[in-house]
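Participant:
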Amino acid sequence: MKLNRLFILCAAMLVGVLAQSCCCDSGISGENYKFEDGMIVFDEPSRAAGQESMLGFAADPIPVVRVGFIGLGQRGPGAVNRFTHIEGVEIKGLCDIEQSNVDKCQNMLKNAGMPEAGSYVGPEAYKELCERDDVDLIYIATDWIHHVPIALYAMEHGKHVAIEVPAAISVEECWQLVDTSERTRRHCMMLENCVYDFFELTCMNMAHQGVFGEILHAEGAYIHNLSDFWDSYHSNWRLDFNQKHRGDVYATHGFGPVCMALNIHRGNKLNYLVCMDTKSVNGLEKAAAKMGSTEFANGDHTSTLVKTELGQTIEIQHNVYTPRPYNRLYQLTGSKGFANKYPVTGFTFTEGMLKEGVIPEGATLNPHGFASKEIEEAAMAAYKHPIHQEIEEKAKTVGGHGGMDFVMDYRLIYCLQNGLPLDQDVYDAAEWSCIGELSATSANHNSMPVKVPDFTRGDWNKLDGVKFYTK
Ligand SMILES: NC(=O)c1ccc[n+]([C@@H]2O[C@H](COP(=O)([O-])OP(=O)(O)OC[C@H]3O[C@@H](n4cnc5c(N)ncnc54)[C@H](O)[C@@H]3O)[C@@H](O)[C@H]2O)c1
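Numbered by this note's numbering, the letters in the sequence shown go through residues 13 to 483 in order.
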């Protein structure tokens, strides 16, 4: 008996040693990931003492939100302009490397009849702005490399932060945002504007009300030929980043809205992904001409498939290089219905799934074709999200990608003013941003599956669905 047990113990140890050596032989390991149970697993550091989850976090109400803007190139000034249309906001500081960008935004304030803000010019000037004790929110619209260092500095100095997309460029940076937000109890929201677009938010509402039955598959994309724009980025940061980085480096516009529809980390979670990309033709050609590059890491077209805890698949695509119409896809395939935004907008509805009275009298549904425009319009009106009911008209007047940018800024300020949890939390920022490095890692290993870290550290099932709070 004793001998038998000894034999079993030795055999188990041998299997363990062999498994370990297989793992090493696979050659699949990196600074912060290893090969485990058939997939690549990134380290998931445990929560440090003194940190608490930010799920459902609400700060004390801030009746007048005092804001500092950092990064005033192509994107930043639009945000400054939108904020001049929001009640209960004071713009305290404007920061950029270039004096002319700061001056341009000071002029906007002047034209809006608002007081001059503090000017901060230079690569480290953001620190002085973050150190001010009369600022509540730092709004970051710099290149991707500077998002996290600035956000961390701001949170460490007691400021809430809003960060342009993607919030972070690596898994490590995602954890830094989560840990710093949890430790400092400051909001960290990524500015994913597409969540608030009119079709997307209405579809999210429909999905949450069960119009499509069970959602099984979703698609999103950032397909936007940037050939006319490459020369517009400060110091060529974007082409330079893409030249060095493989994978879906700009996933959040396509991914964020579908994650909201699928209630990710509010009763559902992202389990793992696989990624495959094409070779680089146009990216390399551009970088060769502009930078003298002989290599280009980012494939011209990158496709990533993500599996969720509830058995759904999400496909995301990235292509900023080839001549094609702009496309974010936004597609939901449900057991009882279908929604699609790009390139052709339409729905497939089935009997009994829409609220009573939505289908106009005499109209019929076709389960293998798009619903008529008449039905589509009626459904869009019937399921308009309460946030759009409240702010759509003003948003369309102020503008910003047709109004969705204003809805986003308005909601951020509304929640801060009223002491409510924000629509997008730091875990959304991490989950949507981490796709960059995870997809690159999969592509680098012949499309091996890569586990998506659980940035909530086991709390993904604690909230019951996405909720946009109102007072
Ligand atoms: N959500 C959207 O629809 C959308 C659209 C466009 C851009 N963006 C995002 O906005 C961000 C900015 O993009 P862009 O097109 O305006 O780029 P840009 O190059 O035009 O502007 C970036 C600005 O940041 C400034 N900057 C860089 N480092 C700085 C620092 N240390 N301190 C202060 N300022 C600094 C630069 O001087 C520049 O003016 C990016 O994250 C991008 O992905 C989002």
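Quick reminder that beta carbons are idealized off the backbone N, C-alpha and C, glycines included.
Quick check: the Cα distance between residue 127 and residue 423, rounded to an integer number of angstroms?
Facilitator: About 24 angstroms.
Participant: Tell me, please, which residues DSSP counts as bridged to residue 343.
Facilitator: 231 and 352
Participant: Closest to residue 283 by C-alpha separation, out of 414, 292, 321 and 166, would be which residue?
Facilitator: 321
Participant: Just grab the DSSP bridge partners of residue 52 for me.
Facilitator: 47 and 462
Participant: Could you tell me the boundaries of the alpha helix (DSSP H) in which residue 218 lies?
Facilitator: Start and end: 210–220.
Participant: To which residues of the same chain is residue 3 closer than 6 angstroms at the C-beta, ignoring the five residues directly before and after it?
Facilitator: The chain is shown from 13 up to 483; residue 3 falls before or after that span and cannot be answered.
Participant: Between 288, 53 and 197, which has its C-alpha nearest residue 459's C-alpha?
Facilitator: 288
Participant: Determine the burial state of residue 258: buried for a count of at least 16 other Cβ atoms within 10 Å of its Cβ, exposed for fewer.
Facilitator: buried
Participant: Please report the residue range of the beta strand (DSSP E) in which residue 289 lies.
Facilitator: 282–289
Participant: Could you tell me whether the Cβ atoms of residue 121 and residue 114 are closer together than 7 angstroms?
Facilitator: no
Participant: So what does DSSP say about residue 33, is it helix, strand or coil?
Facilitator: Residue placement at residue 33 is flagged as unreliable, the pLDDT there being 40, under the threshold of 50; the coordinate-derived value follows with that caveat. Reduced to three states, the DSSP call for residue 33 is helix.
Participant: If I measure Cβ to Cβ from residue 292 and keep anything under 7 angstroms in the same chain, skipping five residues before and after, which residues do I get?
Facilitator: 308, 310, 311 and 312
Participant: Cα separation between residue 164 and residue 361?
Facilitator: 45 angstroms
Participant: Can you find a CB in chain C that lies within less than 7 angstroms of the CB of residue 454?
Facilitator: Going by chain labels, chain C is absent from the structure shown, which holds only one protein chain.
Participant: For the segment 110–191, which segments carrying the alpha helix (DSSP H) assignment without a break, of at least 4 residues, lie completely within its bounds, in sequence order?
Facilitator: 111–123, 137–143 and 156–168
Participant: Taking 6 angstroms as the cut-off, does the CB of residue 258 come closer than this to any heavy atom belonging to ligand 1?
Facilitator: Flag unset: Cβ of residue 258 not near ligand 1.
Participant: Could you check if residue 298 is buried or exposed, using at least 16 other CB atoms within 10 Å of its CB as the buried criterion?
Facilitator: Answer is buried; the Cβ neighbour count reaches 16.
Participant: With residue 271 as the anchor, note down where its beta strand (DSSP E) starts and where it stops.
Facilitator: Segment 264–273 is the alpha helix (DSSP H) holding residue 271; no beta strand (DSSP E) there.
Participant: Closest by CA to residue 399, which one among 135, 427 and 389?
Facilitator: Checked all of 135, 427 and 389; the closest Cα to residue 399 is 427.
Participant: Could you check whether the Cβ of residue 447 sits closer than 6 angstroms to any heavy atom belonging to ligand 1?
Facilitator: Incorrect: residue 447 has no Cβ contact closer than 6 angstroms to ligand 1.
Participant: Apart from the five residues on each side of it in sequence, which residues of its chain come closer than 7 angstroms, Cβ to Cβ, to residue 335?
Facilitator: 237
Participant: Have a look at residue 483 and residue 432 and give me their C-alpha separation to the nearest angstrom.
Facilitator: 8 angstroms
Participant: In terms of residues, what are the limits of the beta strand (DSSP E) holding residue 104?
Facilitator: 101–108
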